[in-house]
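Asks:
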Amino acid sequence: MHLLGQTLISGFLLGGMYALIAIGMTLIMGVMKIVNLAHGALVMVGMYVTYICFVLWHINPYAGMFISMLLLFVLGSLIQRYMINRLVEVDSILPENQVLLTVGISLVLTEVIRFIFKSDYLSVSTGFSGKTVFLGKMSVSVPMTIGFVIAMVFTYLLHLFLNRTDLGMTIRATAQDRDAAVYMGVNVSRVTMITFGLGSAFAAAGGSLLLPMFYLWPDIGHLFTAKAFIITILGGMGSTAGALLGGLTLGIAESLGATYISMGYKDVVGLVVFLLVLLFMPGGIKSLVKR
Amino acid sequence: MLRVNHVHVAYGDVHILWDVSFSVGEGELVALLGANGAGKTTMLNSISGLLHPQEGEIEFSGRNITRVPGHKIPALGIAHVPEGRRLFPEMTVKENLEIGSLSPPARQKRKETLEWVFTLFPVLKEKQNQMAGTLSGGQQQMLAIGRGLMALPRLIMFDEPSLGLAPVLVKHMFQLIKDINQQGITVLLVEQNVMQVLEVCHRAYVIENGRIVLSGASAELLNNKYIKDVYLGI
Ligand SMILES: Nc1ncnc2c1ncn2[C@@H]1O[C@H](COP(=O)(O)OP(=O)(O)O)[C@@H](O)[C@H]1O
Ligand SMILES: [Mg+2]
Numbered sequence: 001m002h003l004l005g006q007t008l009i010s011g012f013l014l015g016g017m018y019a020l021i022a023i024g025m026t027l028i029m030g031v032m033k034i035v036n037l038a039h040g041a042l043v044m045v046g047m048y049v050t051y052i053c054f055v056l057w058h059i060n061p062y063a064g065m066f067i068s069m070l071l072l073f074v075l076g077s078l079i080q081r082y083m084i085n086r087l088v089e090v091d092s093i094l095p096e097n098q099v100l101l102t103v104g105i106s107l108v109l110t111e112v113i114r115f116i117f118k119s120d121y122l123s124v125s126t127g128f129s130g131k132t133v134f135l136g137k138m139s140v141s142v143p144m145t146i147g148f149v150i151a152m153v154f155t156y157l158l159h160l161f162l163n164r165t166d167l168g169m170t171i172r173a174t175a176q177d178r179d180a181a182v183y184m185g186v187n188v189s190r191v192t193m194i195t196f197g198l199g200s201a202f203a204a205a206g207g208s209l210l211l212p213m214f215y216l217w218p219d220i221g222h223l224f225t226a227k228a229f230i231i232t233i234l235g236g237m238g239s240t241a242g243a244l245l246g247g248l249t250l251g252i253a254e255s256l257g258a259t260y261i262s263m264g265y266k267d268v269v270g271l272v273v274f275l276l277v278l279l280f281m282p283g284g285i286k287s288l289v290k291r
Numbered sequence: 292m293l294r295v296n297h298v299h300v301a302y303g304d305v306h307i308l309w310d311v312s313f314s315v316g317e318g319e320l321v322a323l324l325g326a327n328g329a330g331k332t333t334m335l336n337s338i339s340g341l342l343h344p345q346e347g348e349i350e351f352s353g354r355n356i357t358r359v360p361g362h363k364i365p366a367l368g369i370a371h372v373p374e375g376r377r378l379f380p381e382m383t384v385k386e387n388l389e390i391g392s393l394s395p396p397a398r399q400k401r402k403e404t405l406e407w408v409f410t411l412f413p414v415l416k417e418k419q420n421q422m423a424g425t426l427s428g429g430q431q432q433m434l435a436i437g438r439g440l441m442a443l444p445r446l447i448m449f450d451e452p453s454l455g456l457a458p459v460l461v462k463h464m465f466q467l468i469k470d471i472n473q474q475g476i477t478v479l480l481v482e483q484n485v486m487q488v489l490e491v492c493h494r495a496y497v498i499e500n501g502r503i504v505l506s507g508a509s510a511e512l513l514n515n516k517y518i519k520d521v522y523l524g525i
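Top line first, the protein sequences correspond to chains A and B. Just so you know, we're using this note's numbering here: the first sequence kicks off at 1 and counts up by one. Just so you know, we're using this note's numbering here: the second sequence kicks off at 292 and counts up by one.
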């Protein structure tokens with residue numbers, strides 16, 4: 001019983017951090033109408049930035065996260081402006097090709113990081129990475145709890161930003177009707193660039209928070225792309241609330257798999273859940289809520 | 292105030308507008324009339340900067356706006372109430388209005404303008420926290436017009452505002468547009484509804500297959516034989 005409780009809690013905490021990554025992907029998908037298959041690679045780059053800040057300059061990962069977010073905001077904006085936008089501007093190219101381009105970007109980022117850091121497994125060990133607290137008889141990881149809380153704070157701040165500021169409103173408007181947004185005087189190319197930057201910053205935040213829980217190596221990006229993709233489908237595509245729900249579901253499913261099947265099958269469980277959802281609930285969790 | 296000079300517009304290889312010229316004077320209510328597919332929306336989108344003419348010029352308040360990008364047009368004082376309303380369905384009524392006032396001068400007066408729009412359309416005030424997608428067709432059209440007014444425009448362009456409205460509402464809609472014009476806002480009204488529009492506008496242009504074929508004061512056009520035969524079916 002303690003084991004189940006403990007498993008559920010750690011899955012929930014993990015899921016909150018996954019959700020942060022998926023929310024970034026959802027933002028980008030909303031405005032650009034493409035699945036960003038470079039998202040995991042951006043998570044990975046964000047993790048390396050936080051890692052370097054810690055190893056080279058002894059910057060606490062929770063502070064390093066902000067540096068990483070800022071850098072990834074810039075990197076994401078530049079990728080959107082100078083690579084993806086190039087394709088958008090060519091009329092004859094189909095949106096599908098933008099998705100292919102994101103795969104290419106993902107490969108480039110992965111290989112650049114591999115070139116710099118080799119394929120070695122790295123890990124950040126701060127004083128408290130392995131620390132746990134006890135909740136009754138259940139042990140709960142400290143970095144996972146902190147990560148979860150920060151993830152929820154960011155999610156809430158994003159919610160406020162999207163709903164309470166003019167810039168946030170223009171992002172939602174651009175996602176709903178691009179031409180109508182232009183009629184309102186919205187500079188949609190600028191908004192698209194900012195949105196890609198924001199989505200990338202969220203990827204960096206999620207990655208940085210997960211740093212104590214994962215070994216870091218260049219190919220870890222693919223894992224996160226898959227997770228974010230699964231979560232967006234789980235959540236029913238396109239809504240922040242859906243991504244949050246999808247993230248928590250995936251986290252719990254993985255955690256149950258790790259405890260009751262085998263640690264090594266953790267990621268497989270996520271994929272199985274994904275297949276089940278596609279087969280039986282193609283609208284995602286959202287379709288349950290609507291009924 | 293608005294001057295369109297010998298404008299040609301094409302989508303790729305398909306030439307749509309041919310040598311279109313017309314003008315709208317300060318304070319006027321001018322209509323651009325034509326059947327489905329004549330090129331009316333294409334003309335408005337060229338003024339709004341979503342499209343740019345291949346040839347010709349568009350001038351607003353003495354300034355050449357032919358190549359001005361779309362997002363800079365509202366700040367110049369031109370509002371566009373698009374065909375099919377194009378509201379943001381998953382934003383509230385109030386947010387739809389607020390987003391109409393993004394340009395700095397309109398932004399500054401957002402609160403006052405919102406109150407003004409609410410007095411024009413009390414039903415919008417009532418439903419301000421509802422999603423725009425849940426409104427009825429008539430209410431959505433009011434919201435689209437209100438959103439246009441939020442920009443505090445000097446020129447407001449309506450693209451087929453009567454589309455999809457019940458006949459009683461259509462009459463009301465045109466009266467409303469006339470009222471807006473009488474408050475000092477210049478209006479360019481695009482419509483297929485020739486008879487009712489000629490009763491409210493000052494002047495009108497008739498567009499067919501991308502060419503202006505006829506123009507004149509509304510009283511004149513109401514008695515024009517061609518208009519009677521082709522558009523009024525009298
Ligand atoms: N995006 C587009 N690409 C190609 N052709 C278009 C496009 N939009 C409109 N057209 C064509 O241009 C012509 C004029 O359309 P439009 O300006 O919408 O007419 P109206 O508003 O008078 O009904 C039509 O023949 C239409 O098929
Ligand atoms: Mg039209």
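Think of the CB as a built atom: it goes at the ideal place given N, C-alpha and C, for glycine as much as any other residue. Keep in mind that this is a model prediction, so the values were computed, not measured.
(1) Compare the Cα-Cα distances from Leu162(A) to each of Ala19(A), Gly16(A), Gly15(A) and Leu27(A) and report the closest residue.
(2) Give the DSSP-derived three-state secondary structure of Ala19(A) in the structure shown.
(3) Examine ligand 2 and report whether any of its heavy atoms sits within less than 6 angstroms of the Cβ of Glu374(B).
(4) Since I believe Ala243(A) is in contact with Val43(A) (beta carbons under 8 angstroms), could you give me their beta-carbon distance rounded to a whole number of angstroms?
(5) If you reduce the DSSP assignment to three classes, tell me which class Trp217(A) lands in.
(6) Below 6 angstroms, is the gap between the Cβ of Lys331(B) and the nearest heavy atom of ligand 1?
(7) Measuring only from the beta carbon, is Asn611(B) closer than 6 angstroms to any heavy atom that is part of ligand 1?
(8) At 3 residues or longer, and completely inside the stretch 372-455 of chain B: list those beta strand (DSSP E) runs for me, N to C.
(9) For Phe465(B), which residues of its own chain have a beta-carbon under 6 angstroms away from its beta-carbon, when the five flanking residues on both sides are left out?
(10) Pick helix, strand or coil for Thr165(A), following the three-state DSSP scheme.
(11) What did DSSP end up calling Asn97(A) once you bin it into helix, strand or coil?
(12) Determine the extent of the beta strand (DSSP E) in which Ala301(B) is found, giving its start and end residues.
(13) Smallest Cα separation from Ile116(A): which of Leu158(A), Met83(A), Ile252(A) and Tyr48(A)?
(14) Does DSSP put Leu4(A) in a helix, in a strand, or in coil?
(15) Note the first and the last residue of the continuous beta strand (DSSP E) segment covering Leu306(B).
(16) I want to verify the contact list: residues of chain A whose CB lies under 7 angstroms from the CB of Glu386(B), in sequence order.
(17) With a threshold of 6 angstroms, establish whether the CB of Tyr305(A) neighbours any heavy atom of ligand 1.
(18) Taking 7 angstroms as the threshold (beta carbon to beta carbon), is Met184(A) in contact with chain B?
(19) I'd like to confirm the pairing. Which residues does DSSP put opposite Glu348(B) in its beta bridges?
(20) Quick one: is Val327(B) buried, meaning 16 or more other Cβ sit within 10 Å of its Cβ, or exposed?
(21) Please confirm whether Gly428(B) has its beta-carbon closer than 7 angstroms to some beta-carbon of chain A.
(22) Please report how far the alpha carbon of Ala205(A) lies from the alpha carbon of Ser255(A), in whole angstroms.
(23) Just the chain A side, please: which residues come within less than 7 angstroms of Gly455(B) by C-beta, in chain order?
(24) Distance, Cα to Cα, Leu20(A) vs Ser337(B)?
(25) Examine the Cβ distances between the stretch 444-454 of chain B and the stretch 362-380 of chain B and report whether three or more of them are shorter than 8 angstroms.
(26) Return the residues of the stretch 334-354 of chain B that lie within a Cβ-Cβ distance of less than 9 angstroms from chain A, sorted by chain order.
(27) In chain A, which residues lie with their C-beta within 7 angstroms of the C-beta of Ala366(B)?
(28) Taking Cβ positions only, does Ala241(A) come closer than 7 angstroms to chain B?
(29) On the DSSP letters alone, give me the boundaries of the alpha helix (DSSP H) that Ala204(A) sits inside.
(30) Counting only beta-carbon separations shorter than 7 angstroms, does Asp267(A) have a partner in chain B?
(31) Give a yes or no on whether the C-beta atoms belonging to Met17(A) and Leu210(A) are separated by under 7 angstroms.
(32) Going residue by residue through the stretch 16-64 of chain A, where are the continuous alpha helix (DSSP H) segments of at least 4 residues, counting only ones entirely within it?
(33) Would the beta-carbon of Tyr496(B) be found less than 6 angstroms away from any heavy atom of ligand 1?
(34) At the level of alpha carbons, what is the spacing between Leu198(A) and Ala22(A)?
(35) Three-state secondary structure (DSSP) at Ile476(B)?
(36) Kindly provide the ranges of any beta strand (DSSP E) runs that are 3 or more residues long and lie completely inside the stretch 98-147 of chain A, ordered along the chain.
Replies: On the basis of the coordinates in this document:
(1) Reading the first sequence from its first residue, position 162 is the one you call residue 162(A). Closest by alpha carbon: Leu27(A).
(2) Counting from 1 along the first sequence, the entry for residue 19(A) is found at position 19. Secondary structure at Ala19(A): helix, using DSSP grouped into helix, strand and coil.
(3) On the second sequence, residue 374(B) is found 83 positions in, with the first residue counted as 1. True, at least one ligand heavy atom lies under 6 angstroms from that Cβ.
(4) For the purposes of this step, residue 43(A) is identified with residue 43 of the first sequence, where counting begins at 1. For the purposes of this step, residue 243(A) is identified with residue 243 of the first sequence, where counting begins at 1. Between Val43(A) and Ala243(A) the beta-carbon gap is near 14 angstroms, outside 8 angstroms, which marks them as no contact.
(5) For the purposes of this step, residue 217(A) is taken as residue 217 along the first sequence, with counting starting at 1. In the structure shown, Trp217(A) sits in coil (DSSP, three-state: anything other than H, G, I, E or B).
(6) As a working mapping, residue 331(B) is identified with position 40 in the second sequence. Yes, Cβ of Lys331(B) sits closer than 6 angstroms to a heavy atom of ligand 1.
(7) What the structure shows of chain B is the stretch from 292 to 525, and residue 611(B) is not part of that stretch, so it cannot be assessed.
(8) Entirely contained in the stretch 372-455 of chain B, the beta strand (DSSP E) runs reaching 3 residues are, in chain order, 446-450.
(9) One-based indexing of the second sequence puts residue 465(B) at position 174. Its chain contains Gln487 and Val491 as the residues whose beta carbon lies nearer than 6 angstroms to that of Phe465(B), once the 5 sequence neighbours on both sides are disregarded; these appear in chain order.
(10) If you number the first sequence from 1, residue 165(A) lands on position 165. The answer is coil: DSSP assigns Thr165(A) none of H, G, I, E or B.
(11) As a first step, residue 97(A) must be located in the first sequence, where it is residue number 97. Three-state DSSP puts Asn97(A) in a helix.
(12) Counted from its first residue, the second sequence places residue 301(B) at position 10. Start and end: Leu293 to Tyr302.
(13) Here the question's residue 116(A) lines up with position 116 in the first sequence. Nearest C-alpha to Ile116(A) among Leu158(A), Met83(A), Ile252(A) and Tyr48(A): Tyr48(A).
(14) The residue labelled residue 4(A) in the question sits at position 4 within the first sequence. Taken through DSSP and simplified to helix, strand or coil, Leu4(A) comes out as helix.
(15) Counting from one through the second sequence, the residue named residue 306(B) turns up at place 15. Residue identity check: residue 306(B) is His in the sequence provided, not Leu. Run containing His306(B): Val305 to Val315, per the beta strand (DSSP E) assignment.
(16) Indexing the second sequence from 1 puts residue 386(B) at position 95. What Glu386(B) touches in chain A: Met169.
(17) Absent from the structure is residue 305(A), since the part of chain A shown begins at 1 and ends at 291.
(18) As a first step, residue 184(A) is located in the first sequence; it is residue number 184 there, counting from the start. Yes - at least one Cβ of chain B is within 7 angstroms of the one on Met184(A).
(19) Start at 1 with the first residue of the second sequence, and residue 348(B) comes out as number 57. Asn296(B), per the DSSP bridge assignment.
(20) The residue given as residue 327(B) occupies position 36 in the second sequence. According to the sequence shown, residue 327(B) is Asn rather than Val. By the C-beta density criterion, Asn327(B) is exposed, having fewer than 16 other C-beta atoms within 10 angstroms.
(21) Looking up residue 428(B) in the second sequence gives position 137. Not one chain A Cβ lies under 7 angstroms of Gly428(B).
(22) Sequence index remark: in the first sequence, residue 205(A) carries index 205 (1-based). Sequence index remark: in the first sequence, residue 255(A) carries index 255 (1-based). One Cα belongs to Ala205(A), the other to Ser255(A), and the distance between them is close to 21 angstroms.
(23) The sequence position of residue 455(B) within the second sequence is 164, counting from 1. The premise fails here: Gly455(B) is roughly 17 angstroms from chain A at the closest Cβ pair, so nothing lies under 7 angstroms.
(24) Within the first sequence, the letter at position 20 stands for residue 20(A). Within the second sequence, the letter at position 46 stands for residue 337(B). Going from the Cα of Leu20(A) to the Cα of Ser337(B) covers about 41 angstroms.
(25) The stretch 444-454 of chain B makes contact with the stretch 362-380 of chain B, as at least three CB pairs between them are under 8 angstroms.
(26) So the close ones are Asn336, Ser339, Gly340 and Leu341.
(27) Along the second sequence, read from residue 1 onward, the residue named residue 366(B) stands at position 75. What Ala366(B) touches in chain A: Gly185.
(28) What you label residue 241(A) is simply residue 241 of the first sequence in a count that begins at 1. Not closer than 7 angstroms to any Cβ of chain B, the Cβ of Ala241(A) fails to qualify, so no.
(29) Indexing the first sequence from 1 puts residue 204(A) at position 204. Segment Val188 to Leu210, the alpha helix (DSSP H) holding Ala204(A).
(30) Within the first sequence, numbered from 1, the residue matching residue 267(A) stands at position 267. So no, Asp267(A) is outside the interface.
(31) Taking the first sequence and counting its residues from 1, the one referred to as residue 17(A) is at position 17. Taking the first sequence and counting its residues from 1, the one referred to as residue 210(A) is at position 210. Yes.
(32) Within the stretch 16-64 of chain A, the complete alpha helix (DSSP H) segments at least 4 residues long are 39-57, listed from N- to C-terminus.
(33) Looking up residue 496(B) in the second sequence gives position 205. It does not: the Cβ of Tyr496(B) is nowhere closer than 6 angstroms to a heavy atom of ligand 1.
(34) The sequence position of residue 198(A) within the first sequence is 198, counting from 1. The sequence position of residue 22(A) within the first sequence is 22, counting from 1. The alpha-carbon atoms of Leu198(A) and Ala22(A) are separated by roughly 12 angstroms.
(35) On the second sequence, residue 476(B) is found 185 positions in, with the first residue counted as 1. The answer is coil: DSSP assigns Ile476(B) none of H, G, I, E or B.
(36) Listed in chain order, the complete beta strand (DSSP E) runs (minimum 3 residues) inside the stretch 98-147 of chain A are 132-135 and 138-141.
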